[in-house]
Amino acid sequence: MKFAVLGTGIMGRGWITQFAMNGHDVHCFDANTKGLTGVIPGCEKMAATVAKKFKNDDPHFIANTTSHITIHEDKDTFIAAVNDCDIFLEAIFEDLKLKCTVLADYMPQLSEKVVLWSNTSSLDIDPMADACGRPDRAIVTHGMNPVPLMSGVEVVPGAKTSAETVEFTRQILLDMKKSPFLAPNIPGFWVNRLLMPQMLDAVRLLEQGKIKVEDGDIGLNTSLGHPQGTFKLHDFVTAPTMLRVALQMYQASNDPRLYPPLTLMRMVQNGEHGASTGKGFYDWSDPRNPKARDVSHYVVDNVDDMVEHIK
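According to this note's numbering, the sequence shown is numbered sequentially starting from -4.
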C-alpha cells in the first residue's frame, strides 16, 4: 500500500509513523515547510516508544520505520509522487472551509482510485467529500493521539460514502492492528460528542473553585481508569485545539454544554497552551514529571471580574 499524508503536525506524524511501521511507503507534505524538519525526529520518538512497549526494544525497528518515509518540500513534487497512492490522508488544520479548499485543489490531480481519509475529530465529512469530487471514496478515520499507541480509530462514513470504501478502510485498519469502530456523522462524532462536554465541565468546576487540577486528575485516573486525567489530557490536546473544536461543535449543535469556558479562552490568549508551550493546567518544565499549577487566577467571582478577563 502507498499512503500520502498532507499535514505533518502531531496527528499527521502519528499516522505517518503508523503507516511506516507497518511497512507501507508514506509520502508527506505540509504547506508550512518549517514543520517538515520535525517529521523524522517526531516519528523516531514515537517508533522508539512502540519498540520499547511492543517490540522488545528491537534495535532495527526505528530505522526500518523511517526508511519508508519520504518528505516532500514542495507541493508539485508531492502531488506527482502520490498520484497513484492508495490512500490520501488529510491531517491539516481543523477548519472546514480550509479543508474543503485544499481538497478541491489536491484531489482532482490524483488518480481516480485514491481514497480520501480525513483525520478530523469533529467536522462534517460531507462538505469535504463533495469538495474532493469523489464523495463515494471519502471517509473520516479519526485516530486517537498518539496514533501508533492508541488502537481506536473512529470511522465515519458520509452520506455518499460507498459500502466498498467503508469495508476497504476497515480492513486496512484491522491489518494494522487498529480497532476501527463506526460512528455517526454528527458534531464530534461519538468520542468527542461524549468527551468534550465532560472536559469543558471540568474546567467550569475549576473556574468555580470546586476542584483543583491535581485532585481532579487523580480522581478520574484512579476511579475510572483513565490513563490520564482530564486536565492533563487538556494539556496534550492543547488549549487552542480544545477551544476551536468546542466552538465548532457548539455552532453545529447549539448545545450549551459545548460553549467553551472563559478559562480556555484566557489560556489561549496568554499562550498557556499546554505541554507544547510548557504551561497549561500543568507546568511541563520537566516533561516526565509535570506539576499541577495553581490556576486560581482564572477563577472569577462576579460579573465585573468576568468582564475584565474578557478584555
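By construction, the Cβ of each residue, glycine as well, lies at the ideal position given by its N, Cα and C atoms.
Bear in mind that the values here come from a model prediction, so they are computed numbers and not experimental data.
Check                                                                                                                       : Outcome
CB of residue 76 within 8 angstroms of CB of residue 111, strictly                                                          : no
Residues near residue 155 in its chain [Cβ-Cβ closer than 7 angstroms; skip 5 each side]                                    : 124, 130 and 131
Alpha carbon of residue 189 to alpha carbon of residue 196, nearest angstrom                                                : 12 angstroms
Option in 206, 150, 169 and 170 with minimal Cα separation from residue 161                                                 : 150
Helix, strand or coil at residue 86 [DSSP, three-state]                                                                     : coil
Residue 24 - containing beta strand (DSSP E), residue span                                                                  : 20 to 24
Residue 174 classed as buried or exposed, judged by whether at least 16 other C-beta atoms fall within 10 angstroms         : exposed
Inside the segment 148 to 196 only - alpha helix (DSSP H) runs reaching at least 4 residues                                 : 158 to 170
Length at least 4, wholly inside the segment 35 to 116: the alpha helix (DSSP H) runs in chain order                        : 56 to 61, 70 to 77 and 91 to 101
Backbone secondary structure at residue 136 - three-state DSSP                                                              : strand
Cβ-Cβ separation, residue 1 to residue 101 (assumed contact under 8 angstroms), whole Å                                     : 7 angstroms
Residue 378, enclosing alpha helix (DSSP H) - first and last residue                                                        : Limits of the chain in this structure are -4 at one end and 306 at the other, which puts residue 378 out of reach.
Contact between the segment 32 to 43 and the segment 56 to 69 (3+ Cβ pairs under 8 angstroms)                               : yes
Bridge partner(s) assigned by DSSP for residue 240                                                                          : For residue 240, which the question treats as bridged, DSSP gives no partner whatsoever.
Bridge partner(s) assigned by DSSP for residue -2                                                                           : 21 and 82
Check whether residue 49 and residue 19 have beta carbons under 8 angstroms apart                                           : no
Residue 47 to residue 57 span [Cα, whole Å]                                                                                 : 11 angstroms
Beta-carbon spacing of residue 215, residue 204 below 8 angstroms                                                           : no
C-alpha distance - residue 251 paired with residue 23, whole-angstrom precision                                             : 38 angstroms
C-alpha gap between residue 227 and residue 105, whole angstroms                                                            : 40 angstroms
Coarse secondary structure for residue 220, derived from DSSP in three states                                               : coil
Residue 270 (DSSP reduced to helix, strand or coil)                                                                         : coil
Reduced DSSP secondary structure (H/G/I, E/B, other) of residue 286                                                         : strand
Through-space distance from residue 41 to residue 9, alpha-carbon basis                                                     : 8 angstroms
Residue burial classification, residue 289 (beta-carbon count within 10 angstroms, cutoff 16)                               : exposed
Sequence-distant residues of the same chain with beta carbon closer than 6 angstroms to residue 146, five excluded per side : 173 and 174
Candidates 118, 158, 178 and 16, of which the one nearest residue 142 by Cα                                                 : 16
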